[in-house]
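These notes are about the structure you will find just below.
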Amino acid sequence: DTAVSQTPKYLVTQMGNDKSIKCEQNLGHDTMYWYKQDSKKFLKIMFSYNNKELIINETVPNRFSPKSPDKAHLNLHINSLELGDSAVYFCASSQDGEGAFFGQGTRLTVV
Amino acid sequence: SQQGEEDPQALSIQEGENATMNCSYKTSINNLQWYRQNSGRGLVHLILIRSNEREKHSGRLRVTLDTSKKSSSLLITASRAADTASYFCATDRGGSNYKLTFGKGTLLTVNP
Chain A
1 DTAVSQTPKY LVTQMGNDKS IKCEQNLGHD TMYWYKQDSK KFLKIMFSYN NKELIINETV
61 PNRFSPKSPD KAHLNLHINS LELGDSAVYF CASSQDGEGA FFGQGTRLTV V
Chain B
1 SQQGEEDPQA LSIQEGENAT MNCSYKTSIN NLQWYRQNSG RGLVHLILIR SNEREKHSGR
61 LRVTLDTSKK SSSLLITASR AADTASYFCA TDRGGSNYKL TFGKGTLLTV NP
């Protein structure tokens, strides 16, 4: 079983569209994250949740809205997609500050 | 904001050689972690060293931490072609700060 799974793996969409990326972890972790990796491979945190509560929103545009229906899921909805949103988005989870487990990433291409 | 910086940005070595990557950071930390990312894949956690530790080993990996210099190094001994990947350090300030701050990474190429 995959520890942290996110879908879809690839997403190609037009500017202005709305899309969602789903993430699920089966590790029983309390903390989940969304990271964005740009074309230069720089990883930047977007959001972190602990026990379904938003802890960090790292100056992400309002067009990005995370939703955590339960501790095992953290989905990311993006409205009005822009060219600059093209990147790889990673979901991750961790427990008690130990090493994080990452999903395989969702490569978003906005055309 | 605090950010790790790895150097070198890229490192190319022959199989069997050792690879050393360095990481510097700016503020106090609770722990520092190293991750590997193979091309097109997610990050894999390699090792975590706490702020009160100076050295840690895991298999062919050796990590050191110098909190006075705010720096860490990752040594991979007897490298293999399969070690080819990008390596990132990430710092965790602990407490209620649920956030890993990543450096820019070192691209390691191990030539067979």
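So the protein sequences, as listed, match chains A and B.
For the first sequence, this note's numbering assigns the number 1 to the initial residue and increments by one for each residue that follows.
For the second sequence, this note's numbering assigns the number 1 to the initial residue and increments by one for each residue that follows.
We put the CB at the ideal spot given by N, CA and C, even for glycine.
| query | Residues bridged to B/TYR35 by DSSP? | reply | B/HIS45 and B/PHE88
| message | Residues of chain B with CB closer than 9 Å to the CB of A/LEU108, please, in chain order. | response | What A/LEU108 touches in chain B: nothing, since even the nearest Cβ is about 14 Å away.
| query | Alpha carbon to alpha carbon, how far is B/ASN111 from A/GLU58? | reply | 39 Å
| request: Report yes or no: do three or more beta-carbon pairs, one from the stretch 71-90 of chain A and one from the stretch 13-20 of chain B, lie closer than 8 Å? | output: Touching, no, given that fewer than three Cβ pairs across the two stretches are closer than 8 Å.
| said: Just checking: is the beta-carbon of A/ALA100 within a distance shorter than 8 Å of some beta-carbon in chain B? | reply: yes
| request: Verify the CB distance criterion: does B/GLN2 have a CB-CB separation below 8 Å to chain A? | output: Its pLDDT being 35, under 50, B/GLN2 is placed unreliably by the model, and the measurement read from it follows with that caveat. Answer no: the Cβ-Cβ gap between B/GLN2 and chain A never drops below 8 Å.
| Are the C-beta atoms of B/ASN52 and some chain A residue less than 8 Å apart? | no
| Cβ-based contacts, 7 Å cut-off: residues of the stretch 57-84 of chain A near chain B | Those would be none; no residue qualifies.
| said: Between B/ASP92 and chain A, is any beta-carbon pair separated by less than 8 Å? | reply: Yes, its Cβ sits closer than 8 Å to a Cβ of chain A.
| said: Can you give me the C-alpha to C-alpha distance between B/TYR25 and A/SER68, rounded to a whole angstrom? | reply: Roughly 31 Å separates the two Cα atoms.
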